[in-house]
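In what follows, a structure is listed as structure tokens, so that the remarks can point back to it.
Protein chains: 4
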Amino acid sequence: MVGGGPGAMIGAAHRHAMWLDNQYVLAAGIFGRDRHASAAFAEGLGVARVYDDYREMAEREAAREDGVDVVAVVTPNDSHFEIARAFLESGISVVCEKPLTNDSDTAAELVAIAQSNGVILAVPHIYSAYPMVRHAARMVRDGDLGRIRFVAAEHASGWASAEVEQWRMDPERGGVATAVADVGTHAFHLLRYITGLEATRISAELTTLVRGRPVFDNATMRLTLSNGAPATLWATMAATGQEHGLRIRVFGDDASLQWRHEDPQHLIVRDPSGGSTTLAHGMTTLSEDAARLTRVALGHPEGFIEAFGNFYSDLADLLRGGQARELSIPTGVDGLIGVQFVEATVASHSNDAAWVDASFGT
Amino acid sequence: MVGGGPGAMIGAAHRHAMWLDNQYVLAAGIFGRDRHASAAFAEGLGVARVYDDYREMAEREAAREDGVDVVAVVTPNDSHFEIARAFLESGISVVCEKPLTNDSDTAAELVAIAQSNGVILAVPHIYSAYPMVRHAARMVRDGDLGRIRFVAAEHASGWASAEVEQWRMDPERGGVATAVADVGTHAFHLLRYITGLEATRISAELTTLVRGRPVFDNATMRLTLSNGAPATLWATMAATGQEHGLRIRVFGDDASLQWRHEDPQHLIVRDPSGGSTTLAHGMTTLSEDAARLTRVALGHPEGFIEAFGNFYSDLADLLRGGQARELSIPTGVDGLIGVQFVEATVASHSNDAAWVDASFGT
Amino acid sequence: MVGGGPGAMIGAAHRHAMWLDNQYVLAAGIFGRDRHASAAFAEGLGVARVYDDYREMAEREAAREDGVDVVAVVTPNDSHFEIARAFLESGISVVCEKPLTNDSDTAAELVAIAQSNGVILAVPHIYSAYPMVRHAARMVRDGDLGRIRFVAAEHASGWASAEVEQWRMDPERGGVATAVADVGTHAFHLLRYITGLEATRISAELTTLVRGRPVFDNATMRLTLSNGAPATLWATMAATGQEHGLRIRVFGDDASLQWRHEDPQHLIVRDPSGGSTTLAHGMTTLSEDAARLTRVALGHPEGFIEAFGNFYSDLADLLRGGQARELSIPTGVDGLIGVQFVEATVASHSNDAAWVDASFGT
Amino acid sequence: MVGGGPGAMIGAAHRHAMWLDNQYVLAAGIFGRDRHASAAFAEGLGVARVYDDYREMAEREAAREDGVDVVAVVTPNDSHFEIARAFLESGISVVCEKPLTNDSDTAAELVAIAQSNGVILAVPHIYSAYPMVRHAARMVRDGDLGRIRFVAAEHASGWASAEVEQWRMDPERGGVATAVADVGTHAFHLLRYITGLEATRISAELTTLVRGRPVFDNATMRLTLSNGAPATLWATMAATGQEHGLRIRVFGDDASLQWRHEDPQHLIVRDPSGGSTTLAHGMTTLSEDAARLTRVALGHPEGFIEAFGNFYSDLADLLRGGQARELSIPTGVDGLIGVQFVEATVASHSNDAAWVDASFGT
């Protein structure tokens, strides 16, 4: 692991997820720029090998017989590219936090390096690893909703509804389109994952809800999807009072479905009569895509760390050379698309929210 | 009443609302174009005077000492103007269903006639007559939310998620922007009513979700509000499986609030900590604006007809010459703004969803 | 109407319900013991004939050709018997608030008088007039739940969670088992109405939650139902913070269902897999028992007054000599059973909550 | 670990919980009666030392310098006593599934052995390790609810609403009062944990909802609490269609609170006005008792395994000699009280649900 030192929430989430199913040993890492703090932190975690520099770590771990199989990069956005590249070039698989990098050229470069070196580059859009999201994606692929006619996605959190001091609010480090990069990419990936559709054009209005903030903390987007259906996506971290706020509603000709991260173990399916059916995590009648991710029985909620554990569990399968599943984890291309998505919203915004054509992933 | 014959839901709602509080007698009307059916229906309702023609009705009722004080116009959209004008010109107040007319010139004309004749022209955006909506509007005016920073409104119903045969789906009768005219205007009025803000520009994408439908049954809108805050508004009647689907979330610097028509007796207030408070219709601690509209005690739900009754009750106050309240019912200007709103969405749509400046109400 | 003067919530509810569907004219009444206040109040309501004494009213109304068809008795419990008897004996149908009387002998006497005089005695357990409750009762009768195996009913309101000054808290006027008489009888009727089962034995613990209160404001009951299934019923008006609190869950071998008065337009049906289906008032797929009670379309909530209106509408059918429906309104026998239920809980309580056999309705 | 072989849900939950926070190494175990299957399973888990017999395991682990600090006993109920005793007598701490044993004498013996040997005996009533349950307990202790006046607890699951083949349904192995032992004890512990009150008497009706089942799968209980307040507790695993079904409502003079295991990250607090406040896991304003158990930020649900992890984390503190907290994990006495509770319900039931005095924990 690179990054994720004391107090970093996302690094802790990665570690709990690795430990949860006893499939990973955290063997090496750099936990911040302060060498002593990093070493002390590593000792507390039982990490055997601590490094000062990621290049050195990449080199040495690649050289060891018992070197790490995969490294998690959980540093601020502007350092992702250099660090991930170092490991990928050394032949070590990488889990890199989103957005993959701050521009699509470097993101594409990481994808290319991973491919040419035959290693895995995975991007932790964790929400697609929830069993009920997998089931939703299965229902769409099985045609249970009919043609998709509209999608409304939102990740409208309140975590930064007042001023916060963080690298995310620094345009130099996290880019100017913070709302899109930080939370919008999650909603966009969720939309793509469940529907199996891509965006062909985008219109975005970027605004700043918290006065004086030097980045855009709010974004409203319109998308046209690859089947012609319209969609909306709202991303913000300044929605006063909302908890997490990731939610998606997918409307088909025959049915619609709704999933909310505040209640992740349920999936609501609505039919044209106006009735709705609530499916619950752990029901024996769910698809194998969902059922295989169940640790405890019906009625025992599994939360964010379990979903994160599903991500790492699927990754372990891939690292062991397991066969790719139709519904598995997001990889480098998904990360690249996320970066292109951020760029498209900035381009649209700078043209008064006009439509911008998209050909993401290439 | 003009319109609202057998099978017409909205006409029935008007009647129940008039009867509910025993403040109105339904004395005269035309209940459809078939003279005999209209007369038979009127007899069943105990309506004393049935007419064949609205001009005749306007003339005769105006001439009677015991003529009607107000007439409800609940016919298809394209006939609103002629009928409402006839009554207003005869000095009879009018409740006219929305959209007031099919274009803003005629809508403005109705407003002018009502004004010059000293009669009331009221538009039944009923949702703003729910006690908890009134309370929400009061909270905003009292500054409980701080500066409004964002609004997300939607009226996404599923009532026409499959093909339906109705005048509303005929572009000649209801206009082409059906989703905006039929449901979007409700959401827009709700937004204006609660926030006290107007729109200064609009961008709209109009689409058709049900294949083959000759009108736009879906509309996604962006608004800039008069205080500079951004807002979104989604209107459709083709959201498969949704019930009624009117919902609004208003985000301020200090708090946010949420109201849904599927659960109208509650108002959810969220504070920046992530906690939320649910206020219930009938609580003794609510503002007078809400409390004065309570018929039964806490815990006894009041629904759509009661809200409609509140509209008619406030109208009765005005007809009796009562003092205007700060939070009362929508009138002709609100109806005019609704028509202008529909026109603005069509203008934006025809320019690839570009921004259109708005100076509504004038 | 007898009772229901200024400030009396239940009297107002009766009146709104009568007016709602324009099937009743409030022609005569006594609105409190103060003659002048009663007359003034009646005038405000447009009531033609005001009386000072219920005996006089019964006599005179019975003598008039245009005398009232039915009278609503909404006075405190201890006066129900004398007043209802006077009207029934005069051949005037009666709607009498529950509990019908303060003891089963007098209740049985009212039932007998109504029967021998060929008039209707109806008891407004309004909750059974909600469309979704009717649909629930239909589902049980149609066997959709299989054998009923358990029922959990509760009416746990918070309206008197602090001290209140009211005749209901006076053991002389409302009896000592206030919680059972005031709210428990509603839950018990709902249980009987939906399941079609009677109680064969009861165990009750009566307690006082608000210190110093001279009546029992809390009751926990166990029932054995006529098919042998166990059931529980909790009744209180001192459940701090609860709104209305009427809720029922019925468990069958094949499915279960849940209805709550705080969300009366929905009925939740659960199947053994753990999935649940939510049915909504206004869906076109509901049973005729529910569908015939719909005034407005899917998504437009109808509340307590509409349910009350359904009660009065069904009553109007019966007064006009309409054929009795399988699922209609509660009558005198239901009122008698309610009184017997109250007595049984007192008997059980006085024997340390031991089982008491029940043969209600006879 | 003893028990918890392939397919055993509860054993798996223990292991995930141990791993989650990287504080435990699973070093030794017996995973079922089949020696080869147990060994193969242990190898898959990376368990170093596998035994055939728990006595041998106790002896040898006690003798090793690197022997286990604690053993989890997750076998069927009737074997708990012998196994737990062996380890406790060897000076090894024990986590023993509930019910601790099948009778209170043996349960008391385990408590005594643990005490005299200075080791820990912990009982995994996991629900009391949820942050929002801890916060609820804190609120009660801080007097936020005022005097507790009533408690309604239930654990009404649907997991065995049809016939199941399991040792739990064998009266020889799990006892006759299955509903009480299997789920009722969880609800009872939750009640004790949150309120800090004990039961002074109990009345129980035990019934069988699934026809032909040889044990009682349903139990309705009345309790009198140590402050004199009444309470009800409903326990079943045959509530058709319910998911998990653990829920508690605690009513005080000044406020009430509600927690449901299906939505464990929220706690609803109601005040006498009828308004309610929803507190969410991760809010920065929660008590330290809840806040110290947060792994990820507001809006990221933590579920059953995280709660289980909290249990093991608190246990690790105790094993390391940490100071006992006011709100920590249940120990042997709580397990003993659970067994006494089961016995009391059987005693009451055999006397027609009469009251039985309780002096639990002694």
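Chains as they are written, first to last, in the working numbering: chain A, 1 to 362; chain B, 363 to 724; chain C, 725 to 1086; chain D, 1087 to 1448. All C-beta atoms, glycine included, are put in the ideal place defined by N, C-alpha and C.
According to the DSSP assignment, proline 954 of chain C belongs to no alpha helix (DSSP H) but to the beta strand (DSSP E) extending over 954-960.
Excluding its 5 nearest sequence neighbours in each direction, methionine 18 of chain A has C-beta neighbours in its own chain below 7 Å: Tyr24, Leu26, Tyr312, listed in chain order. Alanine 962 of chain C sits away from isoleucine 918 of chain C, with the two beta carbons spaced by 7 Å or more. Here glutamine 323 of chain A carries a coil assignment [DSSP, helix/strand/coil]. Neighbours of leucine 1022 of chain C in chain A, taken as residues whose beta carbon is under 8 Å from its own, are Gly274 in chain order. Straight through space, the alpha carbons of valine 704 of chain B and valine 792 of chain C are spaced by roughly 52 Å. Three or more beta-carbon pairs separated by less than 8 Å are not found between the region 1006-1021 of chain C and the region 894-909 of chain C, which leaves the two stretches without contact. The criterion of a C-beta distance shorter than 7 Å is not satisfied by valine 1080 of chain C and serine 1074 of chain C.
Here the alpha carbons of alanine 1215 of chain D and alanine 1098 of chain D stand approximately 18 Å from one another. Secondary structure at histidine 155 of chain A: strand, using DSSP grouped into helix, strand and coil. Interface flag for leucine 914 of chain C against chain A is unset, since no Cβ pair is found closer than 7 Å. Neighbourhood of leucine 641 of chain B in chain D, by CB distance below 8 Å: Gly1361, in chain order. Taking 8 Å as the Cβ-Cβ cut-off, the region 1367-1380 of chain D approaches chain B at Gly1368, Met1369, Thr1370, Thr1371, given in chain order. Distance check between valine 1159 of chain D and each of D/Leu1207, D/Ala1125, D/Ala1194 places D/Leu1207 closest, using alpha-carbon atoms only.
Shortest Cα-Cα distance from proline 996 of chain C to any of D/Arg1333, D/Ala1246, D/Ile1178 involves D/Ala1246. Boundaries for valine 1296 of chain D: no alpha helix (DSSP H) harbours it, and the DSSP string shows neither H nor E there. Interface flag for phenylalanine 304 of chain A against chain B is unset, since no Cβ pair is found closer than 7 Å. Looking at the DSSP output, arginine 49 of chain A bridges to A/Ala28.
Counting only runs that start and end inside the region 1306-1391 of chain D, the alpha helix (DSSP H) elements of at least 4 residues fall at 1374-1377. Annotation: alanine 469 of chain B to aspartate 625 of chain B spans about 33 Å, alpha carbon to alpha carbon.
Put simply, the backbone Cα of isoleucine 392 of chain B is about 25 Å away from that of glutamine 477 of chain B.
In the three-state reduction of the DSSP assignment, isoleucine 488 of chain B falls in the helix class, which pools H, G and I. With fewer than 16 other Cβ atoms inside 10 Å of its own Cβ, serine 721 of chain B counts as exposed.
Residue state for leucine 869 of chain C is assigned as coil, using DSSP reduced to three classes.
Leucine 319 of chain A is outside the set of residues whose beta carbon lies under 7 Å from a beta carbon in chain D. Collapsing the DSSP output to three states places phenylalanine 443 of chain B in a helix.
For the region 755-769 of chain C, the set of residues with a beta-carbon nearer than 9 Å to any beta-carbon of chain B comprises Leu769, in chain order. The region 1271-1288 of chain D and the region 1402-1412 of chain D do not touch, with fewer than 3 CB-CB distances between them shorter than 8 Å. Counted as a single uninterrupted DSSP element, the beta strand (DSSP E) harbouring valine 797 of chain C occupies residues 794-798.
By the Cβ-count criterion, asparagine 227 of chain A is exposed, with fewer than 16 other Cβ atoms from all chains shown falling within 10 Å of its own Cβ. Across the set D/Thr1310, D/Ala1317, D/Glu1249, the C-alpha of D/Glu1249 shows the shortest separation from the C-alpha of arginine 1297 of chain D. According to DSSP, residue pairing for glycine 727 of chain C in a beta bridge involves C/Val798.
Per DSSP, the beta-bridge partners of asparagine 1304 of chain D are D/Thr1293, D/Thr1322. Put simply, of B/Gly366, B/Arg377, B/Ala370, B/Gly367 the residue whose alpha carbon is nearest the alpha carbon of alanine 669 of chain B is B/Arg377.
Per DSSP, the unbroken alpha helix (DSSP H) holding serine 104 of chain A starts and ends at 104-117.
The closest CA to that of alanine 8 of chain A, considering only A/Leu20, A/Gly32, A/Ala28, is found on A/Gly32.
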